[in-house]
Ligand code: BGC
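In my numbering, the protein residues as written are 11 to 384.
What follows is the structure in C-alpha cells.
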C-alpha cells in the first residue's frame, strides 16, 4: 500500500515540521478533498482536528482520513496542530464557524477544549473524540478509540512474559515509563499496565529499582523521545552502576521504547526487555529481530474507516449509531466525573517476534518489514 510505505518518510518530514513550528512556522493543512473527488454541493461536512504527529499512527491517519472522505464523497477539513494547544483551539473554532456538522477531535490536551466544545454544542454540532478522550467538558457526544486500558494490560503482560523468557531467574529489576501527562490516554495505558504489574511488585517478583512508580514520576512530557532517553540515561547513572542493568522497561509506545533502547546502548549495557505500542516501521523491524520485545497493533485503517462511518451516521441524525467491529462501552470513560461517554472501543493486539507474521498478515507493508527483518 503506497500510503503506508511512505509513512516513515512522512513521519520524518512531520518531525521537521514540528521543529519548524517551534520556531514559529505554521502547519498549513488543506481541506481533504478537491479536484475530481470534490464532494457534491450540500455534502456532509466534517471537521477533523488532529494533534501533533508524535507517532506514525497520526501520520497514517491523515492519509487514511483523506482517502475515506473522498471515497464517501463527504467534505472533510483535516488539520494538525503542530504548534500546540492554542493552535488546535483556533482550528476547532474555525471549523465551528465554517459550519461543520460533525467534529472529530484527536486532542493534544483533552482538557483544554472546553470553550470550543461548548460553542460546538450551541451550534448543534456533534462531537466525537478520536483516539484520545476529551475531558473537563459535558459537551462530548461520542468517543472512538482502541481500548486504552487494554493496551496497558497487554504491555504489562508482555513485559512479564519477556522477563520470564529472556531475563533468567527473578526477582527482576524494572523501570517504568509513561506517556505525556496532558494526553488522557497516558493514564489509561499506565493504569492498565500497573493493573498487571502491581501484584507482581507487591509479591516481590519484580522490583522497580529506582523506586519511581507513580505516574507523575514516570510521565514523558510531550511524548518526546528525547525526554525518555534523558530519563533512561539518568536512571542508568543513578540506579544501575557498574555491571547492573534493568531486566525490563515498560515503555508506553514505540517512539519512546526506541529512545530507551538508545540510552541503554549508549551506556554500553545490554538491551533489556522493552515494550512499545503503535507498530511503527522501525519497531516492527526491531520486534521481529527480538531487540524490542513487543509492540501493539492498533490498525489505523479500521479506526479511521469506522470514525468516518460514525460521522456520516451522526450527520444524518442517527440517535443510536452503531460501529461494526467495535464494542460500545458506556461506563469506562467519563468526560467529567459522573458524565460517562458512549465509547466505541476496538481491540488492540500484542505483537512479539513470535506472532508478528500472523498479526500483520493483512497489512502488506508491515509484512514486508517482517520478511525483510527475518
Ligand atoms: C496514542 C498512541 C501514541 C501516542 C503518542 C496516544 O494518544 O494512543 O498510539 O503512541 O498518543 O502519539
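Just so you know, even glycine gets a beta-carbon here, dropped at the ideal spot from N, CA and C.
Does DSSP put residue i in a helix, in a strand, or in coil?
i, result
"residue 339", "strand"
"residue 334", "coil"
"residue 123", "coil"
"residue 383", "helix"
"residue 85", "strand"
"residue 386", "Because the chain here runs from 11 to 384, residue 386 falls outside it and cannot be looked at."
"residue 371", "coil"
"residue 317", "helix"
"residue 65", "coil"
"residue 131", "helix"
"residue 366", "helix"
"residue 175", "helix"
"residue 143", "coil"
Please go through the same chain and pick out, in chain order, the residues whose beta-carbon is closer than 6 Å to the beta-carbon of residue i, but skip the five residues on each side of it.
i, result
"residue 149", "127, 128 and 131"
"residue 152", "138 and 352"
"residue 346", "148"
"residue 373", "none"
"residue 13", "Below a pLDDT of 50, predicted positions are generally treated as unreliable, and residue 13, at 40, falls in that range; the measurement from the model is reported next regardless. Correct list, in chain order: 73."
"residue 26", "Low confidence applies to residue 26: its pLDDT is 36, below 50, so where it sits in the model is not reliable enough to give any reading."
"residue 166", "203, 206 and 207"
"residue 133", "106"
"residue 55", "85, 110 and 111"
"residue 458", "Lying outside 11 to 384, the shown extent of the chain, residue 458 is not represented and no answer is given."
"residue 95", "118, 119 and 122"
Rounded to whole angstroms, what is the Cα-Cα separation between residue i and residue j?
i, j, result
"residue 361", "residue 155", "19 Å"
"residue 116", "residue 253", "43 Å"
"residue 182", "residue 220", "13 Å"
"residue 61", "residue 140", "10 Å"
"residue 314", "residue 251", "46 Å"
"residue 270", "residue 52", "50 Å"
"residue 268", "residue 187", "12 Å"
"residue 178", "residue 358", "29 Å"
"residue 88", "residue 65", "17 Å"
"residue 176", "residue 229", "26 Å"
"residue 305", "residue 277", "23 Å"
"residue 76", "residue 103", "21 Å"
"residue 326", "residue 218", "52 Å"
"residue 92", "residue 232", "11 Å"
"residue 245", "residue 222", "10 Å"
"residue 67", "residue 307", "10 Å"
"residue 274", "residue 226", "22 Å"
"residue 367", "residue 380", "7 Å"
"residue 248", "residue 265", "23 Å"
"residue 243", "residue 49", "51 Å"
"residue 122", "residue 199", "20 Å"
"residue 321", "residue 261", "33 Å"
"residue 333", "residue 339", "12 Å"
"residue 234", "residue 157", "23 Å"
"residue 59", "residue 101", "7 Å"
"residue 78", "residue 311", "10 Å"
"residue 287", "residue 90", "21 Å"
"residue 285", "residue 241", "16 Å"
Can you give me the Cβ contacts of residue i inside the same chain, cut-off strictly under 7 Å, excluding the 5 residues immediately before and after it?
i, result
"residue 376", "289, 294 and 370"
"residue 280", "255"
"residue 272", "239"
"residue 201", "159 and 162"
"residue 299", "383"
"residue 194", "120, 142, 143 and 145"
"residue 83", "49, 50 and 53"
"residue 363", "297, 298 and 300"
"residue 36", "Reliability fails at residue 36, whose pLDDT of 27 lies under 50, so the model's placement of it is uncertain and no value is given."
"residue 164", "306, 358 and 360"
Have a look at the DSSP bridge pairing and note the partners of residue i.
i, result
"residue 185", "259"
"residue 350", "344"
"residue 113", "57 and 137"
"residue 90", "60"
"residue 306", "360"
"residue 355", "155 and 337"
"residue 228", "Residue 228 is not bridged to any residue."
"residue 216", "182"
Need the endpoints of the alpha helix (DSSP H) that residue i sits in, please.
i, result
"residue 329", "Where residue 329 is concerned, there is no enclosing alpha helix (DSSP H), given that its DSSP letter is neither H nor E."
"residue 297", "291 to 298"
"residue 248", "235 to 249"
"residue 97", "95 to 107"
"residue 267", "264 to 276"
"residue 50", "Here residue 50 belongs to no alpha helix (DSSP H), and DSSP marks it neither H nor E."
Starting from residue i, trace the beta strand (DSSP E) both ways and give me its first and last residue.
i, result
"residue 58", "55 to 60"
Near residue i, what residues of its chain come up, given a Cβ to Cβ distance below 8 Å and the 5 sequence neighbours on each side ignored?
i, result
"residue 173", "180, 182, 184, 216, 257, 258 and 283"
"residue 336", "154, 316, 354, 355 and 356"
"residue 324", "111, 112, 136, 138, 151, 152 and 331"
"residue 210", "170 and 216"
7 Å is my cut-off, CB to CB: does residue i come that close to chain D?
i, result
"residue 114", "Going by chain labels, chain D is absent from the structure shown, which holds only one protein chain."
Any heavy atom of the ligand FAD inside 6 Å of the beta-carbon of residue i?
i, result
"residue 205", "The model on display carries the ligand BGC but not the ligand FAD."
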